[in-house]
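Residue numbering for the sequence shown follows this note's numbering, starting at 19 and increasing by one per position.
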Amino acid sequence: MKPKTMRDLLPFVEMPSRYLGSEVNIIKKDAGKVKLNFALAFPDLYEIGTSHFGIQILYTLLNRHRDIWAQRVFAPAMDMERRMRDSGAPLSALESGAPLKEFDILGFSLLYELNYTNMLGMLDLAGIPFYSAQRDGSFPMLIAGGPCMCDPEPVADFFDAVLIGDGEKAALEMADAWLLWKAGAGADKNRLLDMWSKIDGVYIPSFYTPVYDQNGFQTLLPADGSRKPPRVSRAVVPDLDAAPFPLSPIVPFGRPVHDRLRLEVMRGCCRGCRFCQAGMIYRPVRERSVGRLLDFSAKSLDATGYDELSLLSLSTGDFSRLTPLMEGLMRRHEKERVAVSLPSLRADALTPGLMELIKRVRKTGFTIAPEAGTQRMRDVINKNISEDEIVSTVRHAFSLGWQVIKLYFMVGLPGETDADVKGIADLARSLWRLKEVKSRGGRIHVSVAAFVPKPHTPFQWASQAGLEESREKIEWLKRHIRMPGTRVKWQNPQLSLLEGLWARGDRRLSKLLETAFEKGCRFDGWSDHFQFDLWMEAISETGIDADFFTQRQRDTGEPLPWDFIGGMPDKAFLKAEWARSLAGEKTPDCRGGECGGCGVCDFDAVKIREASQKTLSEDPLKPHGKTEPSGFRDGIFQTLAAVYSKTGKAKYFGHLEMAHIFLRALRRSGIPVRHSQGFHPKPKVSFEDSLPIHIESLDERFYIETSLKTRPEDVAAGLNETLPEGLEILDCFPVPGKKSAPAPGAHHYRVRLKTGEFRQRDLDAFLKADEWMVLKKNKKGKEKKIDLKKMARRVEMVSKKELKMTVALEGGQRPRPPVFLKEIFSLDDDDILAATIVKTGRE
């Protein structure tokens, strides 16, 4: 029997839209006309990976090349993985459905160390050997990139090449080198690796052999004795204004973790927080110009239909032209009801004026990261903000109507005392008291995690707090931050311990990863999947001394596994910062004073680049044009009913997904929609019924409150141009008043079985019965008895595989066909899930 594909398994898994590959703005090409098939892999769930901005950049960049087709693949959820293993279906790319094994290059984005087991899981499901030494030319070339690769050694044995630093230029150069290599026969894999090794930012692990001295410290030597010791310089995009930008990013289905347009305003940070790896490895600061950002926002909002955009960077408050940018965004998009969020702000950057700009559409997220509870500790970590600045910012936020303030702290920082831990509770309590000034409903959400030392930071030599110590500190904080309206979230210290192991490990950990995977470790960053006991078993069986990599304070003179990487802050600079932290001395931001001497800039191509200092009037700030007609505010509008079909791939959309899909399609189409008033304005769009997942329909309806000038035929045409596959507007017409309640009457269905059969005796028993009582749970989980006989107007067998039925609304209840199939015909769940169920019409 031919193995099933992932698409064959969609009826049987939760959230099948994760695997459809039919989103708005995806790129499809003729597989027979491209020369290089490149898979962009993310080792976590679809809703996590589709939020990664780097994937969007590479997807856009590579697909611009006519000879390259870049496709996406994400880690399947555990239910899909089980189905794949049972059926033999291989892991496949979303766009084409082609198995990963057939691709030429497979590039993994590694953002989080606890995704490493998912990476092996994806390779295993694809039928690709784990280790590079086990793969010949018949398998894809494996590349790794992302921030975890600032220490690639723990996973170096698995990859043919590692891209360190910014991927825009290097990834395209690697693709071009592959095309050149392939054109020249493409038989010698080492020849390609040699070509790649000459590209800035590319490291070839197989060219070097790890050796260990008597203390257990790893260094790398040339594998054949002919090459120099490794020295790989981080790839850097010097000018962001000249870098590619994804103007038409893919709009994910479901609810991704970042469900908004992401606008990267700058890259890098010079604040110098000593714990922050990103602040070190992405230096120097490079800003985009206000004019280009406004242009990007307009084009990307048009292409996506988002109603919120997020200004992305490590520290958005440090963007030198933030106020002019915010003014421009508000002027252009306020009437379109586009909200702006700033996810990464320092307390000293969020001024009252900036808050006023943010709240003009709606109050978006508000997060402050003091990191430490006392000024002494903030000086140690070089977090150059004062408690007065934190308090002042939160006071302003509450006074302007913000309801939730999120705070982030760490425990276990170098030099931390009990007084510093107590300071976290004291600061949270002080901020909680502020909410009583003007906001009785104000809430404080406190997040706490154990500190993890990371490579290329001044704290790379620090010891990591032990498991019990971290637990005790977090538990103490949970007990002492118990004010009404305050919530404490924390990361499991066991996760932090493993993160620290992989963050500063070396090649000896590759066998540990394989062993943990074989024991069943997957999705280690998810609390409901994390299995610390299995990790401890794997550590014991492989003989890894975890304390050697985590709890041991390192000597600044010892070799580090990542020493061969250049283009990062100099080791001498990091040592000096480590010493200053021990002395409690602060280091100023080099953007506002003298150069700090970190060694990253060459002051020619690589240097701090701030946005142009144009005046506001010089930037293109006219309103974008897709505005809510002013008549709406006077109560002048019409209600249109849109009749649509939901077939094929669209049957895998849940009701909330459908709502988001239509709302964004309306925005992309430029159809004006009336909004509610108040704190969080909502578009006036309502759905008549919530059709469940797996059921198709030829007669669904939703209602739009829109301008009197909007023509129904324009709504239908505009939506059909932008809706994803399987959704089609069949008709659109005016209706009186507002509509939202489920339609009365009966619905007609047609059911065709793929497996299993209908039995006439089962139907006869149902038809002869006076009642057919079953238990049905409501949305709150409460059970209620319903009589299927009262609701079934007609049930007719066309054949052993086909059924027609009509279901009426009775007492507010209208069971879906699966209930009847289960209760009358006793069909297996898989038989029901595999069936084609179509709502054909209504009475």
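The beta-carbon is built from N, C-alpha and C at its ideal position, and this holds for glycine as well. Just so we're clear, the structure is a prediction, and the values are computed from it rather than from any experiment.
Can you name, in chain order, every residue of its own chain whose Cβ lies under 6 Å from the Cβ of Thr-560, other than the five neighbours on each side?
Cβ neighbours of Thr-560 beyond the five flanking positions: Lys-529, Leu-530, Thr-533.
Going by C-alpha distance, which of Lys-593, Phe-582, Ala-677 is nearest Gly-575?
That would be Lys-593, whose Cα lies nearest to the Cα of Gly-575.
When the Cβ atoms of the segment 252–268 are set against those of the segment 561–572, are three or more pairs found closer than 8 Å?
The segment 252–268 is not in contact with the segment 561–572.
Can you tell me which of Lys-840, Glu-714, Leu-340, Phe-655 puts its alpha carbon nearest to the alpha carbon of His-673?
Of the listed residues, the one whose Cα sits closest to His-673 is Glu-714.
C-beta contact flag for Asp-178 and Leu-211 at 8 Å:
A contact, by the Cβ cut-off of 8 Å.
Rounded to whole angstroms, what's the CA-CA distance from Asp-546 to Asn-510? Just pull it up for me.
Distance between the alpha carbons of Asp-546 and Asn-510: 12 Å.
Whether or not the segment 349–361 and the segment 312–328 are in contact is what I'm after, with contact meaning three or more pairs of Cβ atoms, one per stretch, closer than 8 Å; do they touch?
These segments touch.
For my contact list, Cys-288 and Val-303 are in at a C-beta cut-off of 8 Å; report their separation, rounded to the angstrom.
Yes, Cys-288 and Val-303 are in contact; Cβ-Cβ is about 5 Å, under 8 Å.
Just tell me which of Asp-277, Glu-517, Thr-411 has its CA closest to the CA of Pro-370.
Among Asp-277, Glu-517, Thr-411, the Cα nearest to that of Pro-370 belongs to Thr-411.
CB-CB under 6 Å to Gln-512, same chain, minus the five flanking residues each way: which ones, in chain order?
Excluding residues within five positions, the ones whose Cβ falls inside 6 Å are Phe-550.
Nearest to Leu-124 by CA position, among Ile-66, Ala-193, Asn-400, Cys-613, is which residue?
That would be Ala-193, whose Cα lies nearest to the Cα of Leu-124.
Mapping the DSSP letters down to three states, classify Arg-249 as helix, strand or coil.
Arg-249: coil per DSSP, three-state reduction.
Can you say whether Ser-635 is buried or exposed, counting buried as having 16 or more other CB atoms within 10 angstroms of its CB?
Reliability of the predicted coordinates at Ser-635 is poor, the pLDDT of 42 falling under 50, and the value obtained from them is presented with this limitation in mind. Around the beta carbon of Ser-635, a 10 Å sphere encloses fewer than 16 other beta carbons of the protein chains shown; the residue is thus reported as exposed.
In this structure, what does DSSP give as the bridge partners for Arg-505?
Beta-bridge partners assigned by DSSP to Arg-505: His-463.
Three-state secondary structure assigned by DSSP to Glu-861:
Coil at Glu-861, not helix or strand.
Classify Glu-861 as buried or exposed, calling it buried when 16 or more other Cβ atoms lie within 10 Å of its own Cβ.
With fewer than 16 Cβ atoms within 10 Å of its Cβ, Glu-861 is classed as exposed.
Could you say which of Leu-681, Ser-215, Trp-553, Asp-169 lies nearest to Lys-537 if we only look at CA atoms?
Closest option to Lys-537, judged by alpha-carbon separation, among Leu-681, Ser-215, Trp-553, Asp-169: Trp-553.
Endpoints, the alpha helix (DSSP H) within which Leu-372 is located
370–376 is the extent of the alpha helix (DSSP H) around Leu-372.
Where Ser-844 sits in the DSSP three-state scheme:
If DSSP states are grouped into helix, strand and coil, Ser-844 belongs with coil.
Enumerate in chain order the residues of its own chain whose CB-to-CB distance from Asp-524 is below 6 Å, with the five nearest sequence positions on each side excluded.
For Asp-524, same chain residues with a beta-carbon under 6 Å away, outside a window of 5 residues either side, are Glu-171, Gln-236, Pro-579 in chain order.
Out of Ile-399, Glu-374, Lys-401, which one is the CA nearest neighbour of Ser-14?
In the structure as shown, the chain starts at 19 and stops at 861, and residue 14 therefore has no counterpart that could be examined.
Where Pro-641 sits in the DSSP three-state scheme
Bear in mind that a pLDDT of 49 at Pro-641, under 50, signals an unreliable position, so the number given afterwards is only what the model happens to contain. Judged by DSSP in its simplified three-state form, Pro-641 adopts coil rather than helix or strand.
In DSSP terms, what Tyr-721 is bridged to:
For Tyr-721, which the question treats as bridged, DSSP gives the partners Ala-659, Ser-704.
Spatial neighbours of Glu-675 within its chain, please: C-beta separation below 7 Å, excluding the five flanking residues on both sides.
Within the same chain, Ser-35, Phe-271, Gly-272 come within 7 Å of Glu-675 by CB-CB distance, once the 5 residues on both sides are set aside.
Buried versus exposed, by CB contacts within 10 Å (16 or more), Asn-81:
By the 10 Å Cβ count, Asn-81 comes out buried.
Continuous alpha helix (DSSP H) stretch holding Asp-805: start and end
For Asp-805, there is no enclosing alpha helix (DSSP H); the residue is found in the beta strand (DSSP E) stretching over 801–805.
Going by DSSP, name the residue or residues bridged to Val-220.
Checking the DSSP bridge columns, you'll see Val-220 partnered with Leu-181.
For Glu-191, I'd like the list of residues in its chain whose CB is within less than 7 Å of its CB, leaving aside the five on either flank, ordered along the chain.
Excluding positions up to five away in sequence, the list reads Ile-217.
Rounded straight-line distance, which links the Cα of Ser-105 to that of Gly-855:
Sequence inspection shows Ile at residue 855; the Gly mentioned does not correspond to that position. In a straight line, the C-alpha of Ile-855 is about 24 Å away from that of Ser-105.
Boundaries (first-last residue) of the beta strand (DSSP E) holding Met-428:
First-last of the beta strand (DSSP E) with Met-428: 422–429.
Starting from Val-409, trace the alpha helix (DSSP H) both ways and give me its first and last residue.
Taken as a continuous stretch (DSSP letters only), the alpha helix (DSSP H) holding Val-409 covers 405–417.
If you follow the alpha helix (DSSP H) that Thr-322 is part of, which residue opens it and which one closes it?
308–322 is the extent of the alpha helix (DSSP H) around Thr-322.
For a quick check, are the C-beta atoms of Gly-518 and Pro-577 less than 8 Å apart?
No.
Contiguous beta strand (DSSP E) assignments of at least 3 residues, all confined to the segment 65–146:
If only uninterrupted beta strand (DSSP E) runs of at least 3 residues are considered, those enclosed by the segment 65–146 are 86–92, 123–127.
According to the neighbour-count rule (16 or more other Cβ atoms, all chains shown, within 10 Å of its Cβ), is Leu-495 buried or exposed?
For Leu-495, the number of other beta carbons within 10 angstroms of its own is at least 16, and it is reported as buried.
For a test of the three-state rule: what should DSSP assign to Thr-533, helix, strand or coil?
Three-state result, Thr-533: helix.
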